[in-house]
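Each residue of the sequence shown is one higher than the one before, counting from 401 in the numbering used here.
Notes for the one structure printed next.
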Amino acid sequence: MLSSFVALSPADVDRVRGWFHGPALVHPPGGSVSLHPERQDARVVARGWIARGAMLEDGRRQIVGLSLPGDVILAADAVDADMAVWALTDASTLDASLLWEAISESVDVSPRLLEAWRQVRSAERLRLARHVIRLGRLSAYERTAHLLLELYERQSRLGAAEPGVLHLPLTQDMLADILGLSAVHINRTLQQLRRAGLVDYRTGRAILPDLQGLALAAGLSIADDLADAPPSRD
């Protein structure tokens with residue numbers, strides 16, 4: 401994840417790998433990911449997708465952030481009285497507290513590694529700001545297009561996306577929880593995007609045949625994101 405933002409030396413890569421330690425914890429779908437702020441806990445996602453958000457008393461949920469493989473989840477970001485962290489899919493995480501301790505105290509950390517971490521955190525803040533814009537000012541059609549494009553860019557940066565194909569192990573209910581919509585509304589919106597030739601949503605993935613068209617549908621300038629993404633398939 402860090403090396404997708406800044407080219408790291410082999411020594412830096414080995415150092416980062418050494419900071420991930422202990423046995424992997426397995427999190428079934430819906431299972432809680434425990435983090436302890438008082439211990440400055442941090443965990444790196446080894447497999448699966450993990451959500452951060454609020455679970456309301458009546459069963460409704462609002463997801464405010466997604467952690468994909470390679471992302472580091474910090475207790476300081478993820479835990480307070482109204483927030484929870486849980487697995488959306490089968491997932492596993494490793495202890496990354498040593499990484500967070502070294503980065504936060506700048507101990508045995510190269511300038512390039514610090515810059516990579518700075519860029520990672522900046523990207524996280526940008527995603528949160530965009531999510532606020534999505535929920536507050538975009539239509540259901542625009543929200544869905546923008547989220548899919550953002551996820552595609554994240555996977556492309558990590559080299560985990562086929563051109564024009566988004567790995568999407570989320571149900572329509574989960575997408576609704578991210579976008580603040582009902583399941584019926586998200587289903588209708590995906591059908592609209594399909595009829596427009598922009599999205600073909602299938603179990604476990606979404607085909608995105610026209611990235612530029614999807615960007616226009618999102619209603620936001622994302623030229624920088626598209627510059628990092630591989631071209632769509634013909």
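Don't be surprised by glycine CBs; every beta carbon is placed ideally from N, CA and C.
Keep in mind it's a predicted model, so treat the numbers as computed, not measured.
In this structure, does DSSP put residue i in helix, strand or coil?
i: arginine 460; result: coil
i: glycine 613; result: helix
i: valine 416; result: helix
i: glycine 536; result: helix
i: serine 403; result: helix
i: histidine 567; result: strand
i: serine 409; result: coil
i: leucine 474; result: strand
i: leucine 435; result: coil
i: leucine 468; result: coil
i: serine 510; result: coil
i: alanine 505; result: At residue 505 the sequence reads glutamate, which differs from the alanine that was named. Reduced to three states, the DSSP call for glutamate 505 is helix.
i: glutamate 562; result: coil
Hey, could you find the ends of the alpha helix (DSSP H) residue i is sitting in?
i: histidine 585; result: 583 to 595
i: histidine 546; result: 540 to 557
i: leucine 579; result: 572 to 579
Inspect the beta-carbon positions of residue i and residue j and report whether they are closer than 8 Å.
i: threonine 493; j: tryptophan 449; result: no
i: phenylalanine 420; j: alanine 516; result: no
i: alanine 487; j: proline 429; result: yes
i: glycine 422; j: aspartate 495; result: yes
i: alanine 554; j: arginine 543; result: Per the sequence presented here, residue 554 reads as arginine, with alanine not at that position. Going by C-beta atoms, arginine 554 is not nearer than 8 Å to arginine 543.
i: methionine 574; j: aspartate 471; result: no
i: alanine 475; j: histidine 427; result: no
i: isoleucine 586; j: leucine 547; result: no
i: glutamine 440; j: serine 506; result: no
i: histidine 567; j: arginine 605; result: yes
i: alanine 583; j: glutamine 572; result: yes
i: arginine 447; j: proline 469; result: yes
i: glutamine 462; j: glycine 580; result: yes
What does DSSP give as the partner residues of residue i in its beta bridges?
i: glycine 430; result: DSSP output for glycine 430 lists no bridge partner at all.
i: glycine 422; result: Partner(s): none; glycine 422 has no beta bridge.
i: aspartate 600; result: Ile607
i: valine 520; result: Paired residue(s): none; valine 520 is not in a bridge.
Just to confirm the assignment, what range does the beta strand (DSSP E) spanning residue i have?
i: glycine 453; result: 450 to 455
i: alanine 491; result: 491 to 495
i: glycine 604; result: 604 to 607
i: alanine 442; result: 442 to 447
i: alanine 485; result: Strictly speaking, residue 485 in this sequence is valine, with alanine absent from that position. Taken as a continuous stretch (DSSP letters only), the beta strand (DSSP E) holding valine 485 covers 484 to 487.
Skipping 5 residues on each side, what residues in its chain have a beta carbon closer than 7 Å to that of residue i?
i: alanine 529; result: none
i: valine 509; result: Ala502 and Ile503
i: isoleucine 622; result: Confidence at isoleucine 622 is low in this model, with a pLDDT of 48, below 50, so its placement is unreliable and the value that follows should be read with caution. Contacts found: Leu549 and Ala615.
i: proline 569; result: Trp449, Thr489 and Gly604
i: glycine 619; result: Leu538 and Glu542
i: leucine 408; result: Leu402, Arg512, Leu513 and Ala516
For residue i, which residues in the same chain have their Cβ closer than 8 Å to its Cβ, ignoring the five residues on either side in sequence?
i: arginine 598; result: Looking at the sequence itself, residue 598 is leucine, so the reference to arginine does not match. Around leucine 598: Ala545, Leu608, Pro609, Asp610, Gly613, Leu614 and Ala617.
i: aspartate 628; result: Low confidence applies here, because aspartate 628 scores a pLDDT of 45, under 50, leaving its location unreliable and the question unanswered by this model.
i: alanine 576; result: Ser582, Ala583, His585 and Ile586
Got a sec? Which residues, its chain only, sit under 6 Å from residue i by beta carbon, not counting five neighbours each side?
i: serine 467; result: Val445, Ile450 and Ile473
i: leucine 499; result: Trp419
i: valine 532; result: none
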